[in-house]
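>
Residue numbers (full-length UniProt numbering): 1 to 146.
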């Protein structure tokens, strides 16, 4: 497989993931952004913890969709995340869309729009929601998802 074929495959996979996200986001009430992943969920609980003077967050989610191009099944029943970084939780208002996660995807969709692979309407969802920071903790830490 050539470098160009690999790049085209990765671009197609990211576009498919974006389209899936756009199709399923209305099914969820919360968007959760951690230092490693982006999730859509219908139930979210953030629990601040302290261990040996280090603050970290335990994030429990249920009825979850995971933004991960490498997962074959992005729908997960429950997820538990441990993070010493900020955890942002955004609650969707009725008839409101979530914004696109900032994971380098915006540039990809701008390029795809310029080549006609994605329509302008498809690449620009609306969002009026304000993220909520769970903390100012910025130390690197473990994260797991179930």
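Glycine is no exception: its CB is placed at the ideal position from the N, C-alpha and C atoms.
Computed from a predicted model, the values in this text were never measured in an experiment.
Take residue 91 and list the residues in its own chain whose beta-carbon comes closer than 6 Å to its own, dropping the five residues that flank it on each side.
Contacts found: 30.
> What residue does the alpha helix (DSSP H) around residue 40 start on, and which one ends it?
Careful: residue 40 lies outside any alpha helix (DSSP H), inside the beta strand (DSSP E) at 38-51.
> Classify residue 1 as buried or exposed, calling it buried when 16 or more other Cβ atoms lie within 10 Å of its own Cβ.
Under this definition residue 1 is an exposed residue.
> Grab the span of the beta strand (DSSP E) containing residue 92 for me, first residue to last.
Where residue 92 is concerned, there is no enclosing beta strand (DSSP E), given that its DSSP letter is neither H nor E.
> Let me confirm a value: residue 64 is counted as buried when at least 16 other C-beta atoms fall within 10 Å, else exposed. Which label applies?
So residue 64 counts as buried.
> Using the DSSP secondary-structure output, state which residues sit across from residue 59 in a beta bridge.
The partner list for residue 59 (beta bridge, DSSP) reads 46, 81.
> Taking the continuous beta strand (DSSP E) assigned at residue 32, which residues delimit it?
Where residue 32 is concerned, the enclosing beta strand (DSSP E) stretches over 30-33.
> CA-CA distance, residue 74 and residue 20?
So the two alpha carbons sit approximately 10 Å from each other.
> Taking the alpha carbon of residue 44 as the reference point, which residue from 97, 88, 93, 94 has its own alpha carbon closest?
The shortest C-alpha separation from residue 44 is found at 88.
> Which value, in whole angstroms, describes the spacing of the CA atoms of residue 60 and residue 79?
Straight-line Cα distance between these residues: approximately 6 Å.
> Give the range of the alpha helix (DSSP H) segment to which residue 27 is assigned.
Premise fails: residue 27 is in no alpha helix (DSSP H) and is neither H nor E.
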